[in-house]
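This report refers to the structure that appears directly beneath it.
2 protein chains.
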Amino acid sequence: MPSVPPQPALLHEVPIDLGERSYSIAIGTGLLGHADTWRGLPRAAAALVVSNDTVAPLYLAALRRALQPHYGVVHEVVLPDGEAHKDWPTLNRIFDALLAKGCDRKTVLFALGGGVVGDMTGFAAACYMRGVPFVQVPTTLLAQVDSSVGGKTAINHPLGKNMVGAFHQPVRVVCDLDTLATLPAREFSAGLAEIIKYGPIADMAFLDWIEAQLPALLRRDPAALARAVQRSCEIKAWVVGQDEREAGLRAILNFGHTFGHAIEAGLGYGEWLHGEAVGCGMVMAAELSRRLGLVDAALVDRLTRLIAAAGLPVDAPDLGEQRYLELMRVDKKAEAGDLRFVVIESPGRAGVRAAPEALVREVIAQCCKPAHR
Amino acid sequence: MPSVPPQPALLHEVPIDLGERSYSIAIGTGLLGHADTWRGLPRAAAALVVSNDTVAPLYLAALRRALQPHYGVVHEVVLPDGEAHKDWPTLNRIFDALLAKGCDRKTVLFALGGGVVGDMTGFAAACYMRGVPFVQVPTTLLAQVDSSVGGKTAINHPLGKNMVGAFHQPVRVVCDLDTLATLPAREFSAGLAEIIKYGPIADMAFLDWIEAQLPALLRRDPAALARAVQRSCEIKAWVVGQDEREAGLRAILNFGHTFGHAIEAGLGYGEWLHGEAVGCGMVMAAELSRRLGLVDAALVDRLTRLIAAAGLPVDAPDLGEQRYLELMRVDKKAEAGDLRFVVIESPGRAGVRAAPEALVREVIAQCCKPAHR
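Residue numbers (my numbering), protein chains in the order written: chain F, 1 to 373; chain C, 1001 to 1373.
Below you can see the structure in the form of structure tokens.
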């Protein structure tokens, strides 16, 4: 007999206003295993849950049970865990399953896992029969505050991260905070990186709150987590709502990501977690902002201390200046070979700027020194 | 010294009204090699022309020369020709080239070739950095009247044709009728199939015109071709303009395609040309319409005779009834395993209907007999 599902609690709803592609994010505890959570989704004969071999043993059975009342049949695909598998052959396993099961163009896909599962499931949903609906069920802090909002989906290419993808909005996002209990400390810290990010780019009061609540967040207090996830999603939603296709403003969400992507690619995908690379990348981007005369050293120090206290690396790996520059030139923000970075224009406000190569080299040289602080 | 490019002539413009994704189709002679044809496209540092090893030797140099005044650099990728290569590994060669050349998100892709090149280039453009602009330069009759209009892009999966793709509108389509001069007779006939299609589903006066002008079309008279391409694009544009994402009406453009796709998949992609399969599939769909009591035998005979006169097969390959049914159940129109077909509701008007399996079996049995007429 299945155990009684926990009652949903702490429920927040963050609406994402994108016209006919609008959806909402549910944040709370006890959501995933409750049939009520899944009411009102597009009707279909079949659902397909995509997960990975770490998350599936923990939550797939509960999700399947909760979905069963809503769909005639609930299929599943369990992918190998990790950024290293965010590639075409692994993506193709989702298409193989959909076609082998005879899934039609109304089939609803569910992404149960972290950012990699979300990005791949979303991209599969964008492409399968040229587009089917999908639901994000992010089980990592990073995915809850970042990759599940905004509709960006992608896979990696050997020559660059997230180079092949689509904009495809989910029809709903369900952030069950209970799933964070099983998250390894390293991955939890990686999620904090993206939460911290929203401070310097959009909301310094939120940065104050994170500094004050860091101990509660680190012991995974549900109320603190609910607030952190909600505020992060609100800020991201506000940005994405103004610029769904990343024509301008949306790029500020990539604060720390240009350096971060270079670190990930340079070390080989999977060596550092995405959030770890972004944490270190934010230190570098803050330092670049300082050298451009935009912010003072106190803000760089404050951010660096918070990032370190969150359990994230703040010393950049020594890939060599030249390699950093090469890797950053394939960044999607680059134009005609010019390096462009998200910088802090002033505390709580970000923008995209081209930066002189010499300055970028100085930042790399400084941040690669273990004792740079 | 390059030869003087031919002056554009017979120029028709068909506007495709899709709001902010609107574009126009230019139809005429002497277009491809003329720099003026390529004015007013999105500005970018680089262009990438995708072609195949049949078309590239004929037209790539001329297109490159004509694009040169508009872009700093014009890259090229030449793919192997044929439907058998409309797959992920071949698609990935476009991404490899884009990334190896450091192409940014403003790069404009040009699809120079038939439907396969168009579908793959369009899908690559839809996915590269989550979307870059592309231009269709269809060089086959089929691509000019069908695959270059409507924004459908895709690759095949071993379990089904066009199963992985995207809706991505081109920023312009240029149909240079001169390129049809080098088209093999078999491919030319395949293109006529999609032109004939527009008669029974939308415009019986156009069907009369095609019957009368078939000799002129078969000798590739430019004025007749211009009219046939223009009217086909107009009808398709009218349908697509009302239903860009194929929620309903647009499905009528798939008249003959459910049977046709089964033939293509059953024989192995590339054995019959797409247009050949559609030609035969239209005979089957017309016969199904008759057995549903929608049209009379005279219309089926008339269509069958015209399709045969256009040089297309009208006898279905004997795959076995069961195999036909299996293959058609993975059609994108199928819902929960039910077979659905585009049928002629009355001459010049089409719709989508579920059909009883027994009736479909009768159609297959009849059309697979070599002497069924």
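Where is the CB? At the ideal position from N, CA and C, for every residue including glycine. Source: prediction; values computed, not measured.
Secondary structure of residue i, DSSP reduced to three states
i                       : result
residue 1255 of chain C : coil
residue 107 of chain F  : coil
residue 1030 of chain C : coil
residue 1036 of chain C : helix
residue 1271 of chain C : coil
residue 299 of chain F  : helix
residue 1141 of chain C : helix
residue 1377 of chain C : The shown model of chain C, from 1001 to 1373, leaves out residue 1377 of chain C, and the question about it has no answer.
residue 22 of chain F   : coil
residue 1314 of chain C : coil
residue 265 of chain F  : helix
residue 132 of chain F  : coil
residue 1352 of chain C : strand
residue 327 of chain F  : helix
residue 228 of chain F  : helix
residue 10 of chain F   : strand
residue 1340 of chain C : strand
Residue i versus residue j: straight-line alpha-carbon distance, rounded
i                       : j                       : result
residue 1096 of chain C : residue 1128 of chain C : 10 Å
residue 1258 of chain C : residue 1360 of chain C : 11 Å
residue 1363 of chain C : residue 236 of chain F  : 55 Å
residue 1177 of chain C : residue 152 of chain F  : 40 Å
residue 1299 of chain C : residue 1347 of chain C : 8 Å
residue 1074 of chain C : residue 1230 of chain C : 30 Å
residue 196 of chain F  : residue 173 of chain F  : 21 Å
residue 1338 of chain C : residue 1161 of chain C : 18 Å
residue 43 of chain F   : residue 106 of chain F  : 8 Å
residue 1311 of chain C : residue 1187 of chain C : 10 Å
residue 1006 of chain C : residue 1126 of chain C : 33 Å
residue 963 of chain C  : residue 1119 of chain C : Residue 963 of chain C is absent from the structure shown; chain C starts at 1001 and stops at 1373.
residue 1239 of chain C : residue 256 of chain F  : 46 Å
residue 55 of chain F   : residue 77 of chain F   : 12 Å
residue 1012 of chain C : residue 133 of chain F  : 39 Å
residue 1305 of chain C : residue 1264 of chain C : 22 Å
residue 26 of chain F   : residue 211 of chain F  : 25 Å
residue 80 of chain F   : residue 203 of chain F  : 37 Å
residue 276 of chain F  : residue 185 of chain F  : 12 Å
residue 349 of chain F  : residue 295 of chain F  : 11 Å
residue 274 of chain F  : residue 260 of chain F  : 7 Å
residue 101 of chain F  : residue 1328 of chain C : 14 Å
residue 20 of chain F   : residue 241 of chain F  : 12 Å
residue 1049 of chain C : residue 1113 of chain C : 10 Å
residue 1368 of chain C : residue 1291 of chain C : 16 Å
residue 1047 of chain C : residue 1071 of chain C : 6 Å
residue 2 of chain F    : residue 1251 of chain C : Reliability fails at residue 2 of chain F, whose pLDDT of 48 lies under 50, so the model's placement of it is uncertain and the value that follows must be treated cautiously. Looking at the two C-alpha atoms, the distance is approximately 44 Å.
residue 1093 of chain C : residue 15 of chain F   : 40 Å
residue 1357 of chain C : residue 1324 of chain C : 11 Å
residue 89 of chain F   : residue 115 of chain F  : 18 Å
residue 154 of chain F  : residue 1215 of chain C : 50 Å
residue 1232 of chain C : residue 1138 of chain C : 14 Å
Beta-carbon neighbours of residue i, restricted to chain C and to distances below 9 Å
i                      : result
residue 92 of chain F  : 1088, 1157 and 1164
residue 329 of chain F : 1102
Partners in chain F for residue i, counting only beta-carbon separations shorter than 7 Å
i                       : result
residue 1118 of chain C : Result: empty, since nearest Cβ-Cβ is about 15 Å, beyond 7 Å.
residue 1160 of chain C : 99
Neighbour list for residue i in chain F, Cβ cutoff strictly below 9 Å
i                       : result
residue 1167 of chain C : 130 and 131
Minimum Cβ-Cβ distance from residue i to chain D less than 8 Å
i                       : result
residue 1022 of chain C : Within the model displayed, chain D is absent; protein chains F and C are what it includes.
Exercise for review: Give the residues from the segment 1126–1154 of chain C that approach chain F closer than 9 Å (Cβ to any Cβ), ordered along the chain.
Suggested key: When CB distances to chain F are screened at a threshold of 9 Å, the residues of the segment 1126–1154 of chain C falling below it are 1126, 1127, 1128, 1129, 1130, 1131, 1152, 1153 and 1154, in chain order.
Review point. Where in the segment 143–224 of chain F do unbroken runs of the alpha helix (DSSP H), each at least 4 residues long, occur, reported from the N-terminal end onward?
Key: 185–202 and 204–218
Exercise for review: Only counting runs of 4 or more residues, tell me where the alpha helix (DSSP H) segments fall wholly within the segment 46–126 of chain F, in order along the chain.
Suggested key: 61–67 and 88–100
Exercise for review: With 9 Å as the C-beta to C-beta threshold (strictly closer), list the residues of the segment 1095–1107 of chain C near chain F in chain order.
Suggested key: 1095, 1096, 1098, 1099, 1100, 1102, 1104, 1105 and 1106
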